[in-house]
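Here the protein sequences line up with chains A and B, keeping their order.
Counting the first sequence from 1 gives a position; my numbering is that position plus 361.
Counting the second sequence from 1 gives a position; my numbering is that position plus 780.
We put the CB at the ideal spot given by N, CA and C, even for glycine.
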Amino acid sequence: MLDKIVFYFFAGLAILSAVLVVTRRNAVHSAVFLVTSLLATAGIYLQLQAQFLFAVQIILYVGGIVVLFIFVIMLVNLDVALHQVQFNRQWWLAILLALVLGAQLAFAFAVTARNPSALAFAEGRAARLEPNTELIGQALFRNYLLPFEIASILLLVAMIGAVVMGKKRI
Amino acid sequence: MIHSLLEFFEPHLLPLIYALVIVLVLPLVAGYIVLLERKVMADMQVRLGPMRVGPHGLLQPIADAVKLLLKEDIIPENADVWIFWLAPLVSVTAAMLAMAALPFGPAFQIADLNIGLLFILGISSMGIYGIVLGGWSSNSHYSLLGALRSSAQLVSYETAAGMALVSGLLLAGTLSLRQIVEIQQKQGLWFVFLTPVGFFIYLVASVAETNRAPFDLPEAESELVAGYMTEYSGFRWALYFLAEYANMVVVAAIATSVFLGGWLRPLASVRAFDFLDYVPMLLLLLVAGYCFWRTPRQPVRVQQGFLAAVGLLCLLLAAALAAPIFVAPQLKPAVHGGFWFLLKVFCYIYTFMWLRFTFPRYRFDQLMRLGWHFMIPVAIVNVLGVGVALVLERQYGWGLGPALLVTALGTLAVAAWLAWVGERTESPVVGGA
């Protein structure tokens, strides 16, 4: 019971603030609601016993990326943005995508209505998730070392590329 | 119904009480840190500092708090009211929430989290929002510039601080602050002796992270009036101040837990130094004696009474600290642990004050160059060094001490090289830019 209340609170908060991110005219307000949405998602991670993911979500997204967003927003002139058209007119594409998503959800509902266990996740045992950080570390550095290193190098390349493109003279 | 509610809350009762204690006591502590800072500053500048309110100015924080609460609350005309209202709250909440995972002693900790240190780092990184949003919503150039400087500084130095903590984590092998302290107890050696370079980097980075001199550029009064809180007054300003001092306590507590042995007594594993257990009691007895000695010399009746009350309080605390030695030895870790932890935290904060009144302020480009060209590379090399030392110990059978010594010397060599290169390539900015 309490689990459900907590989940619907965080999920509702995440969706509501995500909608507000899109509809606010002031970009700083949008960024604040983006933070709320990310924090609510972090709360759901915490409820799923994924403590490490919770911490990383807050440190990286809330404490890092959105701060850079706000940094950029403050440096541009907000008055110009206030007078521009807020939404672009791509109705048909949006409707198409919404239909695809709706069809997927309807399919999932239909399947689970007939057979409730068809799409159920494997039951995670709480004992297997503890200690969370150590388990993730072992998974990343033992079982998935090569993909992990490839991803790190990709990120490094992207970072260096951004610096090279951003600077006129190195 | 009530019974089931009680049953639900029962395991959470103690943490709730702890949380309440922290929320209630922290403003008082912050006020007295401010008083201590003014007294230390006065001492270093050969003055007396606040002397009027209460004996030796002991009631000054109360007077300041009352003044701030009664001041007019001004909101600038073109400010973004909601965000202006929200920003100081974000700062204070982040600072206070971070305390949830700190072990103030073996018995006093709200929650021992598996991700303890990550939790504290994440929550305190949210404190940036208080500063950035406050500076932006004030709709003032000084505030905005202060906020931009501050966020740039925090983002840069957070990396160095995080890397410095990683070197401690490598030695401990856990993120839970309680376990980090227990491992230091088991090894009989604080991590500051195992990775002094990491501790030094954390010390410098934590000064920068709390926006204090010599890195207090976000509020450099000669350039920016008061930085991001220029437009704030009264209670909201007090909230910012509270957040700043709470952050100092948080970084000091992190450094104490990770590097300085947390609640452990100095030389806790050496039997010959057990006489140090008497130090807390004797220290407080000394303070109490001083208070009673000064009581008749106070000019006013009220001040005499207050000083005598302070003396009595010290006597009571001394009795509390003496009880584990003479009466109830099972209470010793809890009571004495709390004492040593707070003592270390205050020594760390005293170092902050000492630095503030000793060094002149950096220029902003110097600050950034120091952060990115020196602190972060040295912190990364230090992490590598500690890692190599651990491999040498576990795979090749070296002693941990010699291995760490070799890698620390290597790290210092790299640091010296970086400093040398930095000095050679530093472009003359004055007049040029």
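For residue 1162 of chain B, which of helix, strand or coil comes out of DSSP?
On the second sequence, position 382 is the one that residue 1162 of chain B refers to. In the structure shown, residue 1162 of chain B sits in a helix (DSSP, three-state: H, G or I).
Mind checking if residue 524 of chain A is an interface residue toward chain B, Cβ cutoff 9 angstroms exclusive?
Against the first sequence, residue 524 of chain A aligns to sequence position 163. Not one chain B Cβ lies under 9 angstroms of residue 524 of chain A.
Could you name the residues of chain B that residue 494 of chain A contacts, counting a contact when the two beta carbons are closer than 8 angstroms?
As a first step, residue 494 of chain A must be located in the first sequence, where it is residue number 133. Ordered by position in chain B, the residues that pass the 8 angstroms Cβ test against residue 494 of chain A are 894, 895, 898, 955.
Let me see if you follow: with CB-CB separation under 9 angstroms, is residue 373 of chain A close to chain B or not?
As a first step, residue 373 of chain A is located in the first sequence; it is residue number 12 there, counting from the start. No, its Cβ sits nowhere closer than 9 angstroms to a Cβ of chain B.
Going by alpha carbons, who is nearest to residue 885 of chain B out of B/852, B/1119, B/1057, B/819?
Position 105 of the second sequence, counting from 1, holds the residue named residue 885 of chain B. Cα-wise, what sits closest to residue 885 of chain B is B/1119.
Considering Cα atoms alone, identify which of B/838, B/915, B/1028, B/829 is closest to residue 1078 of chain B.
The residue you call residue 1078 of chain B lines up with position 298 of the second sequence. If we check each option's Cα against that of residue 1078 of chain B, B/838 comes out closest.
Give the single residue among B/826, B/820, B/1009 whose Cα lies nearest to the Cα of residue 920 of chain B.
Position 140 of the second sequence, counting from 1, holds the residue named residue 920 of chain B. Out of B/826, B/820, B/1009, B/1009 has the C-alpha closest to the C-alpha of residue 920 of chain B.
Are at least three pairs of beta-carbons, each pair with one atom in the stretch 1030 to 1042 of chain B and one in the stretch 871 to 882 of chain B, less than 8 angstroms apart?
Yes, the stretch 1030 to 1042 of chain B is in contact with the stretch 871 to 882 of chain B.
Just reading off the alpha helix (DSSP H) that residue 891 of chain B is part of, what are its end residues?
The residue labelled residue 891 of chain B in the question sits at position 111 within the second sequence. Element bounds for residue 891 of chain B: n/a, residue is neither H nor E.
Taking residue 1126 of chain B as the reference, which of B/836, B/1193, B/1072, B/1031 has the closest Cα?
The residue given as residue 1126 of chain B occupies position 346 in the second sequence. That would be B/1031, whose Cα lies nearest to the Cα of residue 1126 of chain B.
Would you decide whether residue 1016 of chain B is buried or exposed? Buried here means 16 or more other CB atoms lie within 10 Å of its CB.
Along the second sequence, read from residue 1 onward, the residue named residue 1016 of chain B stands at position 236. The residue in question, residue 1016 of chain B, is buried, as its Cβ has 16 or more Cβ neighbours within 10 Å.
So, are the CB atoms of residue 991 of chain B and residue 930 of chain B less than 9 angstroms apart?
Counting from one through the second sequence, the residue named residue 991 of chain B turns up at place 211. Counting from one through the second sequence, the residue named residue 930 of chain B turns up at place 150. Closer than 9 angstroms, so yes.
What separation, rounded to the nearest whole angstrom, lies between the Cα atoms of residue 1199 of chain B and residue 863 of chain B?
Sequence index remark: in the second sequence, residue 1199 of chain B carries index 419 (1-based). Sequence index remark: in the second sequence, residue 863 of chain B carries index 83 (1-based). Distance between the alpha carbons of residue 1199 of chain B and residue 863 of chain B: 42 angstroms.
Residue 911 of chain B touches chain A at which residues, Cβ-Cβ below 8 angstroms?
Taking the second sequence and counting its residues from 1, one reaches residue 911 of chain B at position 131. Correct list: empty, because the minimum Cβ distance to chain A is about 10 angstroms.
Determine the burial state of residue 519 of chain A: buried for a count of at least 16 other Cβ atoms within 10 Å of its Cβ, exposed for fewer.
Sequence index remark: in the first sequence, residue 519 of chain A carries index 158 (1-based). It counts as exposed.
Could you work out which residues of chain A lie near residue 1073 of chain B, taking near to mean beta carbons separated by less than 9 angstroms?
Looking up residue 1073 of chain B in the second sequence gives position 293. Going along chain A, no residue has its Cβ under 9 angstroms from residue 1073 of chain B, so there is no contact; the nearest lies around 50 angstroms.
Give the interface partners of residue 906 of chain B over in chain A, defined as CB-CB distance under 9 angstroms, in chain order.
Locating residue 906 of chain B in the second sequence gives position 126, where the first residue counts as 1. The contacting residues are 396, 400, 419, 423, 424.
My output table needs one value for residue 441 of chain A: the three-state DSSP class, helix, strand or coil.
Indexing the first sequence from 1 puts residue 441 of chain A at position 80. In the structure shown, residue 441 of chain A sits in a helix (DSSP, three-state: H, G or I).
Determine the closest residue to residue 1074 of chain B out of B/1045, B/1065, B/1091, with distance taken between C-alpha atoms.
Position 294 of the second sequence, counted from the first residue, corresponds to residue 1074 of chain B. Of B/1045, B/1065, B/1091, the residue nearest in Cα terms is B/1091.
Have a look at residue 371 of chain A and residue 1143 of chain B and give me their C-alpha separation to the nearest angstrom.
Indexing the first sequence from 1 puts residue 371 of chain A at position 10. Indexing the second sequence from 1 puts residue 1143 of chain B at position 363. Distance between the alpha carbons of residue 371 of chain A and residue 1143 of chain B is about 44 angstroms.
Could you tell me which chain B residues have their CB closer than 9 angstroms to the CB of residue 412 of chain A, listed as they occur along the chain?
In the first sequence, the residue the question calls residue 412 of chain A occupies position 51. Those within 9 angstroms of residue 412 of chain A in chain B are 893, 894, 895, 898, 899.
Which residues in the same chain as residue 1161 of chain B place their Cβ atom closer than 7 angstroms to its Cβ, once the five residues preceding and following it in sequence are excluded?
Here residue 1161 of chain B refers to the residue found at position 381 when the second sequence is read from its first residue. The answer, listed in chain order, is 1191, 1194.
Alpha carbon to alpha carbon, how far is residue 907 of chain B from residue 477 of chain A? Give it in angstroms, no decimals.
Translated into the one-based positions of the first sequence, residue 477 of chain A becomes position 116. Translated into the one-based positions of the second sequence, residue 907 of chain B becomes position 127. Cα to Cα, residue 477 of chain A sits roughly 44 angstroms from residue 907 of chain B.
Excluding the 5 residues preceding and the 5 following residue 840 of chain B in the sequence, name in chain order all residues of the same chain whose CB lies nearer than 6 angstroms to its CB.
Residue numbering aside, residue 840 of chain B sits at position 60 when the second sequence is read from its first letter. Same-chain partners within the cutoff: 815, 830, 833.
For residue 1087 of chain B, name the three-state secondary structure that DSSP assigns.
To locate residue 1087 of chain B, count along the second sequence from 1; it is residue 307. The answer is helix: DSSP assigns residue 1087 of chain B an H, G or I state.
Cα separation between residue 1044 of chain B and residue 390 of chain A?
On the second sequence, position 264 is the one that residue 1044 of chain B refers to. On the first sequence, position 29 is the one that residue 390 of chain A refers to. Each residue's alpha carbon lies about 46 angstroms from the other.
Please list, in chain order, all residues of the same chain as residue 1018 of chain B whose beta carbon is under 8 angstroms from its beta carbon, the five residues on each side excluded.
By 1-based counting over the second sequence, the position of residue 1018 of chain B is 238. Correct list, in chain order: 845, 848, 849.
Mind reading off the beta-carbon distance from residue 854 of chain B to residue 878 of chain B? Whole number of angstroms is fine, and I expect it under 8 angstroms.
Within the second sequence, numbered from 1, the residue matching residue 854 of chain B stands at position 74. Within the second sequence, numbered from 1, the residue matching residue 878 of chain B stands at position 98. So it is not a contact: roughly 30 angstroms between Cβ atoms.
Going by DSSP in three states, residue 364 of chain A sits in which element: helix, strand or coil?
Stepping through the first sequence from its first residue, residue 364 of chain A is reached at position 3. In the structure shown, residue 364 of chain A sits in a helix (DSSP, three-state: H, G or I).
Within its chain, find whatever has a CB closer than 6 angstroms to the CB of residue 415 of chain A; leave out the 5 residues flanking it on each side and keep chain order.
As a first step, residue 415 of chain A must be located in the first sequence, where it is residue number 54. Cβ within range, chain order: 403, 406, 407.
Let's test the definition: count the other Cβ atoms within 10 Å of the Cβ of residue 1124 of chain B and tell me whether it reaches 16, buried, or not, exposed.
Within the second sequence, residue 1124 of chain B is the residue found at index 344, counting from 1. Residue 1124 of chain B is buried by the Cβ-count criterion.
Would you say residue 935 of chain B faces chain A, with C-beta separation under 9 angstroms as the test?
Position 155 of the second sequence holds residue 935 of chain B. At least one chain A Cβ lies under 9 angstroms of residue 935 of chain B.
With a cut-off of 9 angstroms, does the C-beta of residue 924 of chain B fall near any C-beta of chain A?
Taking the second sequence and counting its residues from 1, one reaches residue 924 of chain B at position 144. Output row for residue 924 of chain B: interface = yes.
Would you tell me roughly how many angstroms separate the C-alpha atoms of residue 1007 of chain B and residue 1157 of chain B, rounded to the nearest one?
If you number the second sequence from 1, residue 1007 of chain B lands on position 227. If you number the second sequence from 1, residue 1157 of chain B lands on position 377. Straight-line Cα distance between these residues: approximately 29 angstroms.
Comparing the C-beta of residue 466 of chain A with each C-beta of chain B, is any distance below 9 angstroms?
In the first sequence, residue 466 of chain A corresponds to position 105, counting from 1. No, its Cβ sits nowhere closer than 9 angstroms to a Cβ of chain B.
Do the stretch 793 to 801 of chain B and the stretch 887 to 901 of chain B touch if we need at least three Cβ pairs shorter than 8 angstroms?
Touching, yes.
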